[in-house]
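Presented below is the structure to which this report refers.
Number of protein chains: 2
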Amino acid sequence: MSKSEIAELPVLDAGATVPCCPPITAGELSRADAEKMAAMFKALSDPVRLRLFSKIASYPGGEACVCDISDVGVSQPTVSHHLKKLREAGLLTSERRGTWVYYQVAPSVVAAMSALLDLRT
Amino acid sequence: MSKSEIAELPVLDAGATVPCCPPITAGELSRADAEKMAAMFKALSDPVRLRLFSKIASYPGGEACVCDISDVGVSQPTVSHHLKKLREAGLLTSERRGTWVYYQVAPSVVAAMSALLDLRT
DNA sequence: ACAGGACATCGACAATCATCGAAGCAAGCA
DNA sequence: TGCTTGCTTCGATGATTGTCGATGTCCTGT
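Protein chains in written order, with the numbering used here: chain A, 74 to 194; chain B, 74 to 194.
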C-alpha cells in the first residue's frame, strides 16, 4: 500500500551529488549498492554505447542531437536502442526540441562512477 | 633488457598513468579505444564481480586471498570464473603463495577508468 | 605415498543482449 | 490534407553470459 509512495525510482535531479557510494577502498559494497553501480557500468560496457556517450560528452555543453552522433557503424534503430539504455541507466537525459531530440550527459551520475573508482586512501 | 625480468604483457607498472585515454569530454573515443575501455567497464558490470572487486580493494594493501572474499552468494567455481574475468580485464593481478592465491587490484588501470569519467573541463 | 583443502577448468543450460528490418509516431512543410 | 524527415518501438535471431556440478591440479601435512 504505502509502498507506492516512492514511484520515482531512478536517479536524479541534475546538479546534486548522487547518494551512492563512497570510494571502493572504503569498504565492501552492499548487495543493493553493487547492483545499482553494476547497472551503470554495464551501460558503458559496450563499445558503441561508449562512443555515443563520448561523442555527447565532448560536444559543447555536453549535449548533442541524435543526428549529430549517429555515425558509429550500426543501424539507426540500434543507435536508438543504445541511447535508451544509457538513458535508463541515468547517464543521459533526453529532450525533444522541435524536430530533433537532444541527449545530455548527467554529470552527477558520471561523477559518482568516477568517485567510486577513486583509489586514494 | 633494461627493464630486466618484468615480462608482463598487459598494461602497467603501478604508479604510472595508463596510456589510454584522456577524459571523455576531451574528444570522441576511437573505435579501438572504445573497445579497450568498454572491456574494462564490462568487467565491473556484474554485481558479483563488483562486490568481489570492492572486497579486495578495501582489504589492507588492496589484496586478499580467495578464501577471504568467497562469501558473495554464488558457488566457488562461479567466484573463480568472475575473478578470472577481472584478471583478464587487467583490473586484478593474482599470485599464488603456498596454499592460497592472492588477488591484488591494479591501481593504474582503475585510475584510467576513473580519469576517463572525469568531467572537469 | 597418501589424504585433504584451496582454486581452476570443463561442459551444459537458461537467460540476457546486440543487431537488424519493418512499422509506428511526432513535427514541420507544401 | 498529405508528404517527408527524425527518431522510437516491435519482433526475430544469433551470440554472449552467469551459473552450476563434476572433475582436475597444485600444495601441505601426515
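Ideal Cβ placement from N, Cα and C applies to all residues, glycine included.
- Task: Assign E101(B) to one of three DSSP states: helix, strand, or coil.
- Result: coil
- Message: Going by DSSP in three states, R124(A) sits in which element: helix, strand or coil?
- Response: helix
- Task: Check whether the Cβ of L102(B) lies closer than 8 Å to any Cβ atom in chain A.
- Result: yes
- At 9 Å on the CB atoms, spell out the chain A contacts of E108(B), in chain order. P120, L123
- Item | Close Cβ partners of L102(B) (< 8 Å) along its chain, the five nearest in sequence each way excluded | C94, M110
- Query: When you compare only the Cα positions, how much space is there between L82(A) and E161(A)?
  - Reply: Note on L82(A): pLDDT 37, under 50, position unreliable in the model; the coordinate value appears next. Rounded to the nearest angstrom, the two C-alpha atoms are 11 Å apart.
- Query: On the premise that S118(A) lies in contact with S118(B), defined as a C-beta separation below 8 Å, what is that separation, rounded to the nearest angstrom?
  - Reply: 4 Å
- Using a beta-carbon distance cut-off of less than 7 Å, what residues from the region 175-192 of chain A approach chain B? P180, V183, A184, M186, S187, L190, D191, L192
- Which two residues bound the contiguous beta strand (DSSP E) that contains T166(A)? 165-170
- Backbone CA spacing between K128(A) and S153(A) [nearest angstrom]: Their Cα atoms are separated by approximately 14 Å.
- Nearest chain A C-beta to A137(B) closer than 8 Å, yes or no? no
- Query: Taking Cβ to Cβ, would you say G146(B) is nearer than 8 Å to V178(B)?
  - Reply: no
- Query: For the candidate residues P150(B), S167(B), L123(B), whose alpha-carbon lies nearest to that of D106(A)?
  - Reply: L123(B)
- Query: What did DSSP end up calling A137(A) once you bin it into helix, strand or coil?
  - Reply: Three-state DSSP puts A137(A) in a strand.
- Item | Per-residue DSSP class, three states only, for V147(B) | coil
- Message: Suppose you measure from the CA of F114(B) to the CA of L189(B); what does that come to, to the nearest Å?
- Response: Answer to the nearest angstrom: the Cα atoms are 11 Å apart.
- Report the neighbours of K115(B) on chain A: residues whose CB is nearer than 9 Å to its CB, in chain order. F114, K115, L117, S118, D119
- Task: For K128(A), return the contacting residues in chain B, with the cut-off set at a CB-CB distance below 7 Å.
- Result: E101
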